[in-house]
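Mapped onto UniProt numbering, the consecutive letters of the sequence shown carry residue numbers 1 to 527. Glycine included, every Cβ here is placed at the ideal spot set by N, Cα and C.
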Amino acid sequence: MDSQQRHILDLSRRGLLRGALGMAALAATQGTAPRALGAPALAGNPFTLGVASGDPWPDGVVLWTRLAPEPLAGGGMPRLALPVAWDIAHDPEFRAIAATGEALARPELAHAVHAEVSGLQPGRIYWYRFRYGAWLSRTGRTRTAPAADAAPARLRFVNAGCQNYQQGYFTAWKHVAEEEELDFVFHYGDYIYESGRNASAIRFHEGPEPVSLDEYRARYALYKLDPDLAAAQAAHPFLPSFDDHEVQNNWAGPFSQDDGSRPNRPAVPPEVFALRKQAAFQAWYEHMPLRRAQLPHGPEIEAYRALRYGRLLDIAVLDTRSFRTDQPCGDGVKPVCAAQQDPAAQMIGPAQEAWLARGLGRSQASWRLLAQQVPMLRVDAGTDATQRLHMDKWDGYPAARRRVFGALQAPRNLVVVSGDVHVALAGTLKLDYDREDSPAIGTEFTATSISSGGDGSEAKRGTPAEMARNPHLAFFNARRGYTLHEVNSTTFSATYRAVSHVTTPGAAREDRARFVVEAGRPGPVRA
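Written out as structure tokens, the structure reads:
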């Protein structure tokens, strides 16, 4: 463990040790001391990895923690299923308890807890915490979704992801934690990066590239110990998704990136890659505030799901990795080839396409939100007469994109949020980018990265000539940060929030641009 990791772990422990000292205050607010759980004592504070909440429904939310007194050494837990108590209250002092319960932290799931709380009131802020023996977790703050028939005046949420630990500090998460009145945070993916230790990194990964369950668990523990990420997850409910780095860079369906074309990386057959996916998906589930419906079954997982925020916003969270065909044209940024034009190519698979058409395609909400991983906007990265497209994005699967857009082409307003490319984009979605007269059907806002890519720049690309190749793009920025969205019945806005640097901590927040979409008029307008 290097000095930076020791410092982070010490900060986490000092903050969490205050939980033990707070037990007397806890007893005073409840009138009696908490019930003894009859569980074995642990060598240290088990709540080192913090708390989180997620996937809000009108009547409840998922509360998450993981018991790990030795988070970077396998967890340090006995091989027993242990009871963990949770409380959820109307106030941060826990004077007015709304619900309390108990959940088992099982060794098969790294002693993670996923408490699916129900019986809460819709559209309300709550505070929560966990208890084990004499130990008390930090306090988290969450919010339930509005009632299904409610018409909220406004919603606020953040879209963020791509947090490479080795390439910078998670300062943007500190600013997300400080955002007020967020209804949720959509994490589009790349929560961890699977690369091994880089000798020239800003701060270091422990160990080699993970392939086993224990190695993936250790990587998540390292990321969870980051104080800025921990603060953001304690402050707001999350809608977690995954992209490629939770498993392996640019994996596609059953296919590993290792196809034998890279030096010293022999080809990995699908049946072997399935074992790695199984380990990666289990570790992802263990560390995210997810419902039991997302518990993986071997190498398969059903991570796509729908959420509703009253009559204002319907959300479809997609999985753009598990069901796609292999990237065409050899992957990367390439000229168009025959495989890219394959009408049978899949990005989300037939079952997910049908689910999306039945759900978001028939939504009567004021706004429909497609929350997914990679840009749907066409981005021509060529510099001459030859068009060059990103084959790992929806540009590599135009037939699949046309099918999805066709299913969602309806009078209700469509907005897509995405990430993955480490730049911020805003643009107009078209039914068919190969036709100049194709109608605009929606708007996309792509968030930049939290830290991936290092400090970034104001305009790594996006010159006037390059923007002219992509007239449907309204914005390009290569700083690090996140996107804040505000929604009401008539407008859907995006504020691109950035930090000037991530190679050292403490950067201030800067707003680089703000765009608004008016109901019934797809396309971003600078505000």
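| Item | Value |
| --- | --- |
| C-beta atoms of residue 379 and residue 249 nearer than 8 Å | no |
| Candidates 390, 163, 76 and 142: closest to residue 89 by CA position | 142 |
| Start-to-end residues for the beta strand (DSSP E) that takes in residue 484 | 480–487 |
| Beta-carbon proximity of residue 605 to residue 361, cut-off 8 Å | The structure shown has nothing for residue 605, since the chain only spans 1 to 527. |
| Separation of residue 75 from residue 521, as counted between CA atoms | 52 Å |
| Where residue 578 sits in the DSSP three-state scheme | Not covered by the structure: residue 578. The range shown for the chain is 1 to 527. |
| Under the three-state DSSP convention, the category residue 174 falls into | helix |
| 4 or more residues per run - each alpha helix (DSSP H) lying fully within the region 395–419 | 398–408 |
| Unbroken beta strand (DSSP E) run spanning residue 279, endpoints | That residue, residue 279, is in no beta strand (DSSP E); its alpha helix (DSSP H) goes 270–286. |
| Exposed unless 16 or more other CB atoms sit within 10 angstroms - verdict on residue 31 | The predicted model places residue 31 with a pLDDT of 29, which falls under 50 and marks its position as unreliable; any figure quoted below should be read in that light. Burial call: exposed. |
| Local Cβ density within 10 Å of residue 53, reported as buried at 16 or more and exposed below that | buried |
| Bounding residues of the beta strand (DSSP E) (the contiguous stretch that carries residue 57) | 51–57 |
| The region 129–139 touching the region 421–428, judged by at least three CB pairs closer than 8 Å | no |
| Where residue 239 falls, given that 16 or more other Cβ within 10 Å makes a residue buried | buried |
| C-beta contact flag for residue 365 and residue 314 at 8 Å | yes |
| Residue 102 (DSSP reduced to helix, strand or coil) | strand |
| Under the three-state DSSP convention, the category residue 354 falls into | helix |
| Residue(s) in a DSSP beta bridge with residue 308 | 314 |
| Beta-carbon proximity check, residue 312 vs residue 152, cutoff 8 Å | yes |
| Neighbourhood of residue 494 by C-beta distance below 6 Å, restricted to the same chain and skipping five residues each side | 445, 483, 485 and 515 |
| Any 3 or more C-beta pairs closer than 8 Å across the region 499–517 and the region 162–171 | yes |
| Nearest neighbour of residue 373, chosen from 454, 347 and 293 [CA to CA] | 347 |
| Residue 127 versus 279, 111, 331 and 94, residue with shortest Cα-Cα distance | 94 |
| Residue range of the unbroken alpha helix (DSSP H) whose run includes residue 227 | 227–235 |
| Touching by the beta-carbon criterion (3+ pairs, under 8 Å), the region 389–400 and the region 486–505 | no |
| Nearest neighbour of residue 292, chosen from 328, 381 and 55 [CA to CA] | 55 |
| Buried/exposed call for residue 202, threshold 16 Cβ in 10 Å | buried |
| Coil, strand or helix - residue 524 by DSSP | strand |
| Inter-residue spacing [alpha-carbon to alpha-carbon] between residue 283 and residue 213 | 7 Å |
| Within 8 Å, strictly: CB atoms of residue 62 and residue 115 | yes |
| Per-residue DSSP class, three states only, for residue 156 | strand |
| Endpoints, beta strand (DSSP E) assigned at residue 83 | 82–89 |
| CB of residue 447 within 8 Å of CB of residue 159, strictly | yes |
| N- and C-terminal bounds of the alpha helix (DSSP H) containing residue 214 | 213–224 |
| Status (buried if at least 16 other CB within 10 Å, exposed otherwise) for residue 121 | exposed |
| Outcome for residue 384 when other beta-carbon atoms lying within 10 angstroms are tallied against a minimum of 16 | exposed |
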